[in-house]
Amino acid sequence: MRPDLAPEHVRPLTPDETFRFSCHPGVACFTDCCRELELALSPYDVLRLSNHLGLAPSTFLDRYALVEQAEGSGFSRVFLCMVDDGRASCPFVTASGCRVYADRPGACRTYPLGRGAFTTPEGCRHEMHILLTEPHCQGFSEGELQDITAWQKDQDLAFYNAMNDELLPILHHPRLIDDHPPEEHEEEIFLLLYNLDTFRLQLLDRTLALPFSLTKSERQELATEDLALLRLGIRWLDHVLSQR
Ligand code: SF4
Ligand code: SF4
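If you use this note's numbering, the sequence shown corresponds to residues -1 to 242, in order.
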């Protein structure tokens, strides 16, 4: 989403509302939306993109990402660096489209929707959506009417949303309030969620001291399974925050 989008181009969307939208190489604005972006990445986005490019996540982060220290009570945010080409283009946009399309970030899949999710104190998960009608985007005069469910299915978003929602307990942790922003070691664990090759290395050579023990089979799984490693990091950070 462009950072300067006016309020009249953003509106809440309920699950039973429909909208017309389609994006394809035939639209005159094709790839215009892949420039001048504030594109925040989740740990799962970085995992998918680095795998797609055949890079270790640490190399991907060095080449393509910018970590911005959060103000207030949140964790740092990781953004995709745009290219200095006079148009602030995404590093993955080409004349024929997105060169990482199969593993593009969740935000690119979700557009023209925006999604917010939260968990109630009772543990129920809720999500809210907005429709972003950016003036330059011609996709709104294309295609069939559809709703949120159809769009998420079309963009293969279910697993992205599920993985990103696994972060909610730490992002919205009740101990993480304005007076108590993340401490340095909590930030370090949070950034390891993005940097899974470094996390794995430190875990397996026992440089990291986890507050709980791992079985031999868990260690074996963590040596190769990225999602298990990501989930371990989330569990670790949740544990550390809960001990405050
Ligand atoms: S139709 Fe919208 S989403 Fe598609 S390329 Fe154009 S600006 Fe981007
Ligand atoms: S990752 Fe792909 S879809 Fe997303 S902004 Fe970059 S080129 Fe566009």
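Glycine residues also receive a C-beta, built at the ideal position from the N, C-alpha and C atoms.
Of the listed residues the options, nearest to residue i (C-alpha basis)
| i | options | result |
| --- | --- | --- |
| residue 84 | 179, 34, 137 | 34 |
| residue 188 | 68, 96, 10 | 68 |
| residue 165 | 76, 42, 21, 197 | 42 |
| residue 101 | 209, 5, 158 | 158 |
| residue 55 | 215, 190, 216, 8 | 190 |
| residue 223 | 49, 148, 98 | 49 |
| residue 192 | 175, 232, 70, 147 | 232 |
| residue 24 | 135, 143, 160 | 135 |
| residue 137 | 182, 13, 3, 19 | 19 |
| residue 11 | 147, 57, 52 | 147 |
| residue 13 | 160, 6, 149 | 149 |
Anticipated Cβ contact below 8 Å, residue i with residue j, distance rounded
| i | j | result |
| --- | --- | --- |
| residue 170 | residue 116 | 6 Å |
| residue 17 | residue 180 | Not quite, the Cβ-Cβ distance comes to about 37 Å (not below 8 Å), so this is no contact. |
| residue 62 | residue 78 | 6 Å |
Backbone CA spacing between residue i and residue j [nearest angstrom]
| i | j | result |
| --- | --- | --- |
| residue 59 | residue 28 | 27 Å |
| residue 96 | residue 21 | 12 Å |
| residue 152 | residue 88 | 23 Å |
| residue 200 | residue 184 | 16 Å |
| residue 30 | residue 93 | 10 Å |
| residue 226 | residue 163 | 15 Å |
| residue 122 | residue 215 | 32 Å |
| residue 80 | residue 204 | 36 Å |
| residue 66 | residue 140 | 37 Å |
| residue 125 | residue 198 | 32 Å |
| residue 76 | residue 64 | 6 Å |
| residue 90 | residue 82 | 13 Å |
| residue 120 | residue 86 | 43 Å |
| residue 4 | residue 32 | 18 Å |
| residue 57 | residue 213 | 30 Å |
| residue 160 | residue 142 | 27 Å |
Cβ pair residue i, residue j closer than 8 Å
| i | j | result |
| --- | --- | --- |
| residue 244 | residue 104 | Since the displayed the chain opens at -1 and closes at 242, residue 244 lies outside it and no answer follows. |
| residue 228 | residue 220 | no |
| residue 98 | residue 39 | no |
| residue 173 | residue 242 | yes |
| residue 145 | residue 15 | yes |
| residue 168 | residue 71 | no |
Residue i CB to nearest heavy atom of ligand 3 below 7 Å
| i | result |
| --- | --- |
| residue 29 | Absence of ligand 3 from the depicted structure is noted, with ligand 1 and ligand 2 being the only ligands included. |
Notebook entry, point to check: Would you call the region 107 to 115 and the region 124 to 137 touching, i.e. three or more CB-CB distances under 8 Å?
Noted result: yes
Check: Are there three or more Cβ pairs, one per stretch, closer than 8 Å when the region 204 to 220 is compared with the region 229 to 240?
Finding: yes
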